[in-house]
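So in numbering that gives the first Met the number 0, spot 37 of the sequence shown is number 36, and the numbers just go up one at a time. Notes follow once the structure below has been shown.
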Amino acid sequence: MSKYDRLWEYVREHAPAELSFAEVEAICGFPVDHAFLTYKKELPDYGYEVGKISMKNKTVKFVRLK
């Protein structure tokens, strides 16, 4: 079980194109940190991948895999 499972389930169920860091933190229940870069490799198991992380805009884009 991953600490980001709640986020991955949310992405699979709601198919957001983009979430802010604040939204990610609200879903997960903890602040986003650099570990996210490692854990994002789990997302393809849920049918998505992280498209882009914008540190400037504090957003994460998600792309559905075909």
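Don't be surprised by glycine CBs; every beta carbon is placed ideally from N, CA and C. For clarity, every value in this text was computed on a predicted model and none was experimentally measured.
For residue 23, no beta strand (DSSP E) run applies; the uninterrupted alpha helix (DSSP H) run containing it begins and ends at 20-27, by DSSP. With respect to the C-alpha of residue 30, the residue from 64, 57, 42 having the closest C-alpha is 57.
Close CB contacts of residue 9 within its chain, under the 7 angstroms cut and outside five residues either way in sequence, are with 26 (chain order).
The beta carbon of residue 51 sits closer than 7 angstroms to those of 60, all from its chain and outside the five residues before and after it, given in chain order.
Annotation for residue 59: no alpha helix (DSSP H) segment contains it, though the beta strand (DSSP E) segment containing it runs 58-63. The Cβ-Cβ distance between residue 48 and residue 1 does not fall below 7 angstroms.
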